[in-house]
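Same order as they appear, the protein sequences are chains A and B.
Quick note, my numbering runs 220 ahead of the 1-based positions in the first sequence.
Quick note, my numbering runs 1 ahead of the 1-based positions in the second sequence.
Ideal Cβ placement from N, Cα and C applies to all residues, glycine included.
Down below is the structure, laid out as structure tokens.
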Amino acid sequence: MKITEEQVRYVADLANLKLTDDEVRKFQADLDEILVHFDRLNEIETSQFDPMAQVLYEAEETATLRPDRDRPGLGNELALANAPLAGSGYFKVPEVIKR
Amino acid sequence: MDIASLTIDQVQEGLRGRQFSAVELATAALEFARAENLKTNAYLGFSEERALDAARRVDEKLARGEDAGPLAGVPVAVKDVIVTKGVQTTCGSKLLANYIPPYDATAVERLEAAGGVIIGKTNCDEFAMGSSNENSAFGPVRNPHALDRVPGGSSGGSAAAVAQGTAVVALGSDTGGSIRQPASFCGVVGVTPTYGRVSRYGLTAFASSLDHIGPFGHNVRDAARLLNVIAGRDPLDSTSAEAPVPDYLAHMDGNVKGLKLGLPREYLKDLTSESGDLIGKAIETLKKLGCQVRDISLPTTDYAIACYYVIATAEASSNLARYDGVRYTFRSGSSESLNDMYRNTRGEGFGAECKRRIMLGTYVLSAGYYDAYYLKAQKVRGLIARDFSNAFAEVDAIAAPVSPFPAFKIGEKIDDPMTMYLSDIYTITGSLAGIPCMSVPCGKTAEGLPVGMQILAKHFDEARMFRLADAFERAGGAQN
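Next up, the structure:
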């Protein structure tokens, strides 16, 4: 077995995902099967090779750089427009630090 | 006008000949799309106001005798993972059910600037994760060719919209086959351009190193035209390429004599016999057109599924971290603390497939596993890309199947994620290498289910890929 229910709960915690007990059982089985398949990667020798960190091969090193000029942002009102809860120009969340 | 089979050429003739106005066409397309939607669920929403505004602008330009653009008046459907300012964009997720984007994706801006008329947003697997469209929070899409079957995924709504003719062309997104596979299942043309060819600005991120926006059309010409409009450098996406965009149509002269075409032997096993027969016939057609067909090998194919699902889920777990109940519309109602709010919002908001992939991605990136999974997969990805560059030293293009089987029944595979993942084998290799690939219809099974052939080319060689696909289409390749 590649992954236990306890590990599933630990990973869910890292991912900030609340799972039901049924989901934990189901994901344990699913992830186990998938992780067993992932083991196939160990059959291939890669010690001589670099990881493929980017897709564009022939781009210049500076291809992703642009002149640093300011441009207008979204603005406060639009940025907050989809917030489930906002007020006084801020996103509102449950209390973090008790007074 | 027969709205269901309109091509871009026919729209332009109709507008020039005053057979209809852009507003009349948009109105008819919306009405038709709404009626068809009761059967297929291809659309999640319609953008009537925006469509009629865009159509009016086209009519005004035409009335003044101005050029209204290469897509003037053309009804377009846009996958709901691509943001549209002021028009609800749900990504097929309960989490974004009420999300109204404050900006347009670059591809959307460009296609409207070219005269395109966006009629609606199409259904898809939640955050583009799936191969059947069954992972949409708003119900599956039904395949217009067989309503009890899936349209493929994740861009199933866009493929179905073009197949039923409610849109002349559509935008989809492809991370591991999400344009090509639904195109093949629905009998339309679907194109995944070179990584970086089309700006990803405004495409909701799933796996950033693999995500592409690409076009669907009834034929190769229409798909190529839409790509011509949306392709090119965009300062808002630093991975978008500087390479100039050729006029793809100018290369479609039907002449593919002497073109060297590779058939990867690793791709021709495991096909259902009917799909295999149709691919075989398609190869015969290409030979008759003068292509020099030869056997090639892509030896790392067997590792592609594992490689892809490590990288894609790792990137997804990071990209989807932003849906935490703070900024994007949905928040769980019952949380005492900030942490509970995050956990409950995500637990209630994400569907099963997204959760599975977030879990997998978090696991492979977690302490102690990074080297064994993510780093290893990145190295294997380099080898898969090298397989292709070796192949393209010998051949001009590669022909392959898109999917091991044609459209399957709704519900048939949904309980078995591993089987679903394995069915992506022929499309994810091209995605990992970042090369252009497309699906072009190559016939139907005895049951009337469409099958697509995949054509792959080297980086930024879309022109040659289109030339080959167009020649195949003109030779009657879809009528096998």
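For B:Thr330, go through chain A and note every residue whose CB falls closer than 7 Å to its CB, in chain order. Those within 7 Å of B:Thr330 in chain A are Asn302, Pro304.
In this structure, does DSSP put B:Gly74 in helix, strand or coil? Coil, per DSSP.
B:Tyr196 touches chain A at which residues, Cβ-Cβ below 9 Å? Ordered by position in chain A, the residues that pass the 9 Å Cβ test against B:Tyr196 are Val275, Leu276.
Host beta strand (DSSP E) of B:Phe217 (start-end): Note, B:Phe217: beta strand (DSSP E), 213-218.
Three-state secondary structure (DSSP) of A:Leu298: DSSP places A:Leu298 in helix when its eight states are reduced to three.
Nearest residue (CA-CA) to B:Ala400, options B:Phe473, B:Leu366, B:Thr28: Taking only the C-alpha atoms, the option nearest B:Ala400 is B:Phe473.
At a Cβ threshold of 7 Å, is A:Asp250 touching chain B? Chain B, which has a Cβ nearer than 7 Å to the Cβ of A:Asp250, makes this yes.
Please classify A:Pro304: is it buried, with 16 or more other beta-carbons within 10 angstroms of its beta-carbon, or exposed? Buried: at least 16 other Cβ atoms inside 10 Å.
If the cut is a Cβ gap below 8 Å, which residues of chain B does A:Glu226 touch? Correct list: empty, because the minimum Cβ distance to chain B is about 13 Å.
Taking a contact to mean a Cβ-Cβ separation below 7 Å, would you say B:Pro152 touches B:Phe186 in this structure? Yes, they are a contact pair.
State the DSSP-derived secondary structure class of B:Tyr400, mapped to helix, strand or coil. Checking the displayed sequence, the identity of residue 400 of chain B turns out to be Ala instead of Tyr. Of the three classes helix, strand and coil, the one that applies to B:Ala400 here is strand, per DSSP.
Please list, in chain order, the chain B residues whose beta carbon lies closer than 8 Å to that of A:Asn296. Near A:Asn296 there are no residues of chain B at all, since even the closest Cβ is about 11 Å away, more than 8 Å.
Using a cut-off of 8 Å between C-beta atoms, extract the partners of A:Asp270 located in chain B. Correct list: Lys380, Gly383.
Once the 5 residues before and after B:Arg468 are set aside, which same chain residues still bring their CB inside 6 Å of it? Once the five neighbours on either side are set aside, the close Cβ partners of B:Arg468 are His252, Met253.
So is A:Glu253 in contact with chain B if we call contact Cβ pairs under 7 Å? Yes, A:Glu253 lies at the interface with chain B (some Cβ there is under 7 Å from its Cβ).
Can you give me the Cβ contacts of B:Glu354 inside the same chain, cut-off strictly under 6 Å, excluding the 5 residues immediately before and after it? Result list for B:Glu354: Met130, Gly131, Asn136, in chain order.
Name, please, each residue of chain B whose Cβ falls closer than 8 Å to the Cβ of A:Arg286. Residues of chain B passing the Cβ test: Pro236, Ser239.
What runs of the alpha helix (DSSP H), each 4 residues or longer, lie entirely inside the segment 363-444 of chain B? Fully enclosed alpha helix (DSSP H) runs of 4 or longer: 377-393, 418-423, 426-434.
Who are the near neighbours of B:Thr420 in its chain, counting only those whose CB is closer than 7 Å to its CB and skipping five residues on each side? Non-local beta-carbon contacts of B:Thr420 in its own chain, meaning distances under 7 Å to residues more than five positions away in sequence, involve Lys414 in chain order.
Would B:Met454 be called buried (16 or more neighbouring beta carbons within 10 Å of its own) or exposed? Result: buried.
For B:Lys86, which of helix, strand or coil comes out of DSSP? In this structure, B:Lys86 counts as coil in the three-state DSSP scheme.
Would you mind working out which of B:Lys288, B:Pro300, B:Val365 sits nearest B:Glu316, comparing C-alpha positions? Closest by alpha carbon: B:Val365.
Less than 7 Å between the beta carbons of B:Ile4 and B:Ala29, yes or no? Contact flag set, yes.
Have a look at the DSSP bridge pairing and note the partners of B:Met454. Answer is B:Pro402, B:Val441, bridged to B:Met454.
Could you tell me whether the Cβ of A:Pro292 comes closer than 7 Å to any Cβ of chain B? It does not: the Cβ of A:Pro292 has no partner Cβ on chain B nearer than 7 Å.
Is the beta carbon of B:Val230 closer than 7 Å to that of B:Arg111? Yes, these two residues count as a Cβ contact at 7 Å.
On a CA-only basis, which of B:Asn124, B:Lys445, B:Thr193, B:Leu279 is nearest B:Gly158? Give me that one, please. Closest option to B:Gly158, judged by alpha-carbon separation, among B:Asn124, B:Lys445, B:Thr193, B:Leu279: B:Asn124.
Beta-carbon separation (whole angstroms), B:Ser239 vs B:Leu204, contact threshold 8 Å: In this structure, B:Ser239 and B:Leu204 do not form a Cβ contact; the two beta carbons are roughly 14 Å apart against a cut-off of 8 Å.
Alpha helix (DSSP H) containing A:Gln321: first to last residue? Since the first residue of chain A shown is 221 and the last is 319, residue 321 of chain A is not available in this structure.
Got a sec, what are the start and stop residues for the beta strand (DSSP E) A:Gln268 sits in? Where A:Gln268 is concerned, there is no enclosing beta strand (DSSP E), given that its DSSP letter is neither H nor E.
Please determine if the segment 84-97 of chain B and the segment 7-18 of chain B are in contact, where contact requires at least 3 C-beta pairs separated by less than 8 Å. Short answer: they don't touch.
Threshold first: 4 residues or longer. Then list the alpha helix (DSSP H) segments lying entirely within the segment 95-157 of chain B, N to C. Inside the segment 95-157 of chain B, DSSP marks whole alpha helix (DSSP H) runs of 4 or more residues at positions 107-114, from first to last along the chain.
Say yes only if the C-beta of B:Tyr104 is nearer than 6 Å to one or more non-hydrogen atoms of the ligand FAD, and no if none qualify. The model on display carries no ligand, and the ligand FAD is accordingly not part of it.
Within the 7 Å Cβ cut-off, does B:Val327 reach chain A? Yes - at least one Cβ of chain A is within 7 Å of the one on B:Val327.
Pull up the CB-CB distance for B:Gly491 and B:Val189, whole angstroms please, since I reckon it's below 8 Å. Residue 491 of chain B is absent from the model: chain B starts at 2 and stops at 481.
Within 10 angstroms of the Cβ of B:Tyr371, are there 16 or more other Cβ atoms? Answer buried if so, exposed if not. Exposed: under 16 other Cβ atoms inside 10 Å.
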